[in-house]
Amino acid sequence: MSEQIHVEQRGRVLLARLDHPPHALMGAGMVAELDQLVGRATDDDSVGAVVLTGAHPERFIAHYDIRELLALARSAPSLPESLAKASIGAIGALERIPGSGAVLERTPAAGLSQLRGFHDTMTSIGRSGAVFIAAINGVALGGGCELSLACDLRLISDDGLIGQPEILIGITPGGGGTQRLARLIGRGRALELVLEGRPVPAGEAERIGLVHRVLPRATLLDEALATAERLARRSKPVVAACKRAVLEGGNLPLEMGLKMEQAAFVSSLGHKSTQRAMEAYIAEMNASGDVAAANPAMRDRLVDGTFIDFNGE
């Protein structure tokens with residue numbers, strides 16, 4: 007099988023081009039490579055951010071490969087929703103047994119195992135200390151939309167389309183689309199988009215909060231890389247803690263979310279790089295007689311990440 011994600015490292019940024027010609031479809035092979043990419047970005051101290059974009063000139067990811075889904079549908083038993091939920095939990099327990107993955111792949115449970123794998127990879131993006139940016143160069147539907155929703159930032163070309171069309175062929179979104187979409191834009195609007203199944207144009211996507219920025223196609227990748235370069239200078243442990251507090255803590259009752267935030271704050275104070283940053287800030291403040299908020303030069307260095315090297319710890 008040919009490589010479906012082409013990765014090049016530019017400083018502390020990994021540029022990953024999603025490449026599955028001719029239609030730019032996502033499948034199990036690409037998901038496996040995505041999982042490896044997320045692991046690399048998380049574990050490699052020389053990586054602070056990842057930019058995902060499509061190798062296809064007009065597509066980020068068209069959608070998940072329906073041929074693979076149909077094959078899974080034909081091989082898997084028909085289950086009511088309650089039993090399917092229990093089965094997914096049981097497979098999760100089995101997967102913790104060494105060597106069980108190869109066995110599951112030869113059974114009707116292979117489809118459920120693949121689904122869990124997709125979800126685990128998307129969840130890992132949200133827990134990684136690396137910042138993930140989706141540079142959506144055109145169409146991102148179905149699995150492509152779900153991948154972008156798992157990323158921390160979404161930038162889209164001005165001719166782009168994004169959405170969850172699964173209902174149009176009689177299935178629900180299965181890669182986190184309903185849950186991340188509802189948490190991002192609200193349940194009412196999310197349900198409308200899922201039921202309609204229509205692609206959302208870039209301008210509307212920005213207006214409803216589905217994407218962060220709409221950019222001309224010609225400058226999309228440069229803008230994404232510039233943003234990634236800046237955010238890649240942040241402290242990776244603190245990035246991971248911020249993502250957990252917002253993405254996971256934000257779905258908890260307020261009191262529990264606040265406790266998660268407090269724990270992250272106290273933990274961040276223990277990082278040597280954090281203490282160096284505070285010492286440097288105080289020294290600069292004493293030398294200039296001013297604070298960052300009123301000192302444009304100092305403020306710019308803080309924002310662009312050149313004030314302190316967090317990655318020398």
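Okay, so the sequence shown: first residue is 7 according to my numbering, each after it adds one. Glycine residues also receive a C-beta, built at the ideal position from the N, C-alpha and C atoms. Note that the structure is predicted; figures quoted are calculated from it, not measured.
(Q) Only counting the same chain, and skipping five residues up and downstream in sequence, which positions put a Cβ closer than 6 angstroms to that of residue 230? (A) 57, 139, 141 and 161
Q: From the DSSP output, read off the bridge partner residues of residue 32.
A: 70
Q) Three-state secondary structure (DSSP) at residue 65? A) strand
Q) Roughly how many angstroms separate the alpha carbons of residue 6 and residue 297, rounded to a whole number? A) Outside the modelled stretch of the chain, which goes from 7 to 319, sits residue 6, for which no answer is possible.
Q.
For residue 100 and residue 126, I'd like the C-alpha separation in whole angstroms.
A. Confidence in residue 100 is poor, its pLDDT being 48 and thus under 50, which makes the residue's placement unreliable; the coordinate value appears in the next sentence. Looking at the two C-alpha atoms, the distance is approximately 15 angstroms.
Q: Ignore the nearest five residues each way along the sequence and tell me which others in residue 52's own chain have a CB closer than 7 angstroms to its CB.
A: 18
**Q.** C-alpha gap between residue 286 and residue 133, whole angstroms
**A.** Near 29 angstroms, if we compare the C-alpha coordinates of residue 133 and residue 286.
Q | Alpha-carbon spacing of residue 233 relative to residue 311, whole angstroms | A | 11 angstroms
Q.
residue 163 and residue 208 - do their beta-carbons sit closer together than 8 angstroms?
A. yes
Q | Distance, residue 28 Cα to residue 8 Cα | A | Straight through space, the alpha carbons of residue 28 and residue 8 are spaced by roughly 13 angstroms.
Q | Nearest neighbour of residue 30, chosen from 80, 273, 150 and 137 [CA to CA] | A | With distances taken between Cα atoms, residue 30 lies closest to 150.
Q. What residues match up with residue 138 in a beta bridge as DSSP calls it?
A. 56
Q) Under three-state DSSP, which class holds residue 270? A) helix
Q: Would you give the residue range spanned by the alpha helix (DSSP H) that residue 15 belongs to?
A: Segment 11-16 is the beta strand (DSSP E) holding residue 15; no alpha helix (DSSP H) there.
Q: Just grab the DSSP bridge partners of residue 22 for me.
A: Answer is 13 and 58, bridged to residue 22.
Q: Would you mind listing the alpha helix (DSSP H) stretches within the segment 226-276 that are 4+ residues and don't spill past its ends, in chain order?
A: 242-249 and 260-275
Q: Taking 8 angstroms as the cut-off, decide whether the C-beta atoms of residue 214 and residue 191 are in contact.
A: yes
Q) With C-beta atoms as the reference, is residue 61 less than 8 angstroms away from residue 23? A) Yes, the Cβ-Cβ distance between residue 61 and residue 23 is below 8 angstroms.
Q. Less than 8 angstroms separating the beta-carbons of residue 255 and residue 267?
A. A contact, by the Cβ cut-off of 8 angstroms.
Q: Note down, in chain order, each residue of its chain lying with its Cβ closer than 7 angstroms to the Cβ of residue 291, except the 5 sequence neighbours on either side.
A: 297
Q) I think residue 155 touches residue 187, with their Cβ atoms under 8 angstroms apart; what is that distance to the nearest whole Å? A) 6 angstroms
Q.
Can you tell me where the alpha helix (DSSP H) holding residue 297 begins and where it ends?
A. Under the DSSP assignment, residue 297 falls outside any alpha helix (DSSP H); it carries neither an H nor an E label.
Q: Tell me whether the beta-carbon of residue 238 lies closer than 8 angstroms to the beta-carbon of residue 55.
A: Note that the C-beta distance between residue 238 and residue 55 is below 8 angstroms.
Q. Would residue 257 be called buried (16 or more neighbouring beta carbons within 10 Å of its own) or exposed?
A. exposed
Q) So who's on the other strand from residue 321, going by DSSP bridges? A) The shown model of the chain, from 7 to 319, leaves out residue 321, and the question about it has no answer.
**Q.** Bounding residues of the beta strand (DSSP E) (the contiguous stretch that carries residue 168)
**A.** 167-169
Q.
If the criterion is Cβ atoms closer than 8 angstroms, does the pair residue 332 and residue 316 meet it?
A. Residue coverage of the chain in this structure runs from 7 to 319, which leaves residue 332 outside it and unanswerable.
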